[in-house]
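Note sheet for the following structure.
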Amino acid sequence: MESLSMTDTLTTICANSRAHVAMRSEKHSLADREAAAAAASPPRGFIAAIHAAHAREDKALIAEIKKASPSKGLIRKDFHPAAIARAYQAGGATCLSVLTEERWFLGADNYLIEARAACTLPVLAKDFFVTRWQIANARAIGADCILLIMAALSDAEAIDLEAYAHSLGLDVLVEVHDAAERDRALQLKTPLLGINNRNLKTLNVDLVTSFELADTPGRTLVAESGLSGPAELAALQARGINTFLIGESLMRHSDVEAATRALLA
Ligand SMILES: O=C(O)c1ccccc1NCC(=O)[C@H](O)[C@H](O)COP(=O)(O)O
Numbered sequence: 001m002e003s004l005s006m007t008d009t010l011t012t013i014c015a016n017s018r019a020h021v022a023m024r025s026e027k028h029s030l031a032d033r034e035a036a037a038a039a040a041s042p043p044r045g046f047i048a049a050i051h052a053a054h055a056r057e058d059k060a061l062i063a064e065i066k067k068a069s070p071s072k073g074l075i076r077k078d079f080h081p082a083a084i085a086r087a088y089q090a091g092g093a094t095c096l097s098v099l100t101e102e103r104w105f106l107g108a109d110n111y112l113i114e115a116r117a118a119c120t121l122p123v124l125a126k127d128f129f130v131t132r133w134q135i136a137n138a139r140a141i142g143a144d145c146i147l148l149i150m151a152a153l154s155d156a157e158a159i160d161l162e163a164y165a166h167s168l169g170l171d172v173l174v175e176v177h178d179a180a181e182r183d184r185a186l187q188l189k190t191p192l193l194g195i196n197n198r199n200l201k202t203l204n205v206d207l208v209t210s211f212e213l214a215d216t217p218g219r220t221l222v223a224e225s226g227l228s229g230p231a232e233l234a235a236l237q238a239r240g241i242n243t244f245l246i247g248e249s250l251m252r253h254s255d256v257e258a259a260t261r262a263l264l265a
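Sequential numbering from 1 applies to the sequence shown in full-length UniProt numbering.
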């Protein structure tokens, strides 16, 4: 696996995503992916599952299946997406997130397919979505939700990609890292707003980011990245954030089910 030493990691990853799409779309056209999306298993209702957890006064956990990352390299050697998905569901997760980006996260479409087939949880395709082709492909492989990262998109691109995702029946998680991105993201229709504690340009992680943006009204906020213990979750809940996207700290445990249960206790 390659390491990223560029100053702007996100630009590098998105440029690679575009090149990868150009290559893959030679074999499978957009029309092909749209036909496969129309024939895919119906969406499971990602946002509905989160809101149902909140209605029960539970916190919602989006548990991430993540083999490697640009910042940490290989995270988990013993990597079996179906077994991890079952462990997350048994431990109390509300939804899954599956990294499908191949080059730096060592993800794969097949990991999402295997994980979703092994459980009944809705699944977020965790990738760097910059084209319609990727979104149609995500639905074709069974994804229930996609991620749009405001730092990677213009306003017009974000609005267009969101409308396209909705037209395929996908939910959308829009991700921001600062107040300017948050204000741009509020133009989108999705109620699900992720606050990424990781600066995707420098890879620095600081939980203060979630606290700074916690007062955003009218959206279901998701604290993302760098979270590892119940005390952090409780502090964020005290500020009104009840949904958490967590990958690495859970993936490093040998007993994923027990770690998930302990985190949510
Ligand atoms: O994880 C990275 O190093 C990373 C680098 C560049 C772009 C995105 C990156 N991560 C994507 C994510 O947002 C996280 O996988 C997700 O929020 C979970 O974070 P964590 O619990 O810290 O694994």
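No residue lacks a Cβ here, since even glycine has one placed at the ideal position from N, Cα and C.
As the structure is a prediction and not an experimental result, all values here were calculated from the model.
Check, Outcome
"I'd like to confirm something about K27: is its beta-carbon nearer than 7 Å to some heavy atom of ligand 1, or not?", "no"
"Hey, would you say the C-beta of N204 is under 7 Å away from at least one heavy atom of ligand 1?", "no"
"Cα separation between residue 285 and E224?", "Outside the shown range of the chain, which is 1 to 265, sits residue 285, and nothing can be said about it."
"Tell me whether E64 counts as near ligand 1, meaning its Cβ is closer than 7 Å to at least one heavy atom of that ligand.", "yes"
"Quick one: residues in its chain with C-beta nearer than 7 Å to the C-beta of E114, no 5 flanking neighbours on either side, listed in chain order?", "P81 and A82"
"If I measure Cβ to Cβ from A165 and keep anything under 7 Å in the same chain, skipping five residues before and after, which residues do I get?", "I135, I146 and V172"
"Take E248 as the anchor and find which of F79, A36 and T12 has the nearest alpha-carbon.", "F79"
"Given 8 Å as the limit, is there contact between the stretch 154-169 and the stretch 57-64, that is, 3 or more CB pairs closer than that?", "no"
"Is it true that the CB of G229 sits closer than 8 Å to the CB of V205?", "no"
"Roughly how many angstroms lie between the CA atoms of A138 and T11, to the nearest whole one?", "21 Å"
"By DSSP, does M6 sit in helix, in strand, or in coil?", "Caution is warranted here: a pLDDT of 47 is assigned to M6, below 50, making its placement in the model unreliable, and no coordinate value can be reported."
"Is it the case that the CB of P81 approaches a heavy atom of ligand 1 more closely than 7 Å?", "no"
"For S97, which residues does DSSP report across the bridge?", "E64 and L124"
"Which term fits M251, buried or exposed, when burial requires 16 or more other beta carbons within 10 angstroms of its beta carbon?", "buried"
"So does K72 have its beta carbon nearer than 7 Å to some heavy atom of ligand 1?", "yes"
"Please return the same chain residues whose Cβ sits closer than 7 Å to the Cβ of R184, not counting the five positions on each side in sequence.", "M150 and D155"
"Comparing the CB of R18 with every heavy atom of ligand 1, is any distance shorter than 7 Å?", "no"
"Compute the minimum distance between the beta carbon of S225 and the heavy atoms of ligand 1, and state whether it is under 7 Å.", "yes"
"Answer with buried or exposed for S41, where buried requires no fewer than 16 other C-beta atoms within 10 angstroms of its C-beta.", "exposed"
"Is G247 near ligand 1, in the sense that its beta carbon is under 7 Å from a heavy atom of that ligand?", "yes"
"Within 8 Å, do at least three Cβ pairs link the stretch 205-215 to the stretch 21-35?", "no"
"From the DSSP output, which residues share a beta bridge with V222?", "G194 and T243"
"Going straight from the alpha carbon of A37 to that of N110, what length do you get?", "15 Å"
"Candidates H54, G169, L188 and V174: which alpha carbon is nearest T94's?", "H54"
"Report all residues from its chain with a CB closer than 7 Å to the CB of S25; omit the five preceding and five following residues, and keep chain order.", "W133"
"What separation, rounded to the nearest whole angstrom, lies between the Cα atoms of L221 and V123?", "18 Å"
"Mapping the DSSP letters down to three states, classify A14 as helix, strand or coil.", "In the sequence as displayed, the identity of residue 14 is Cys instead of Ala. Residue state, collapsed to three classes: helix."
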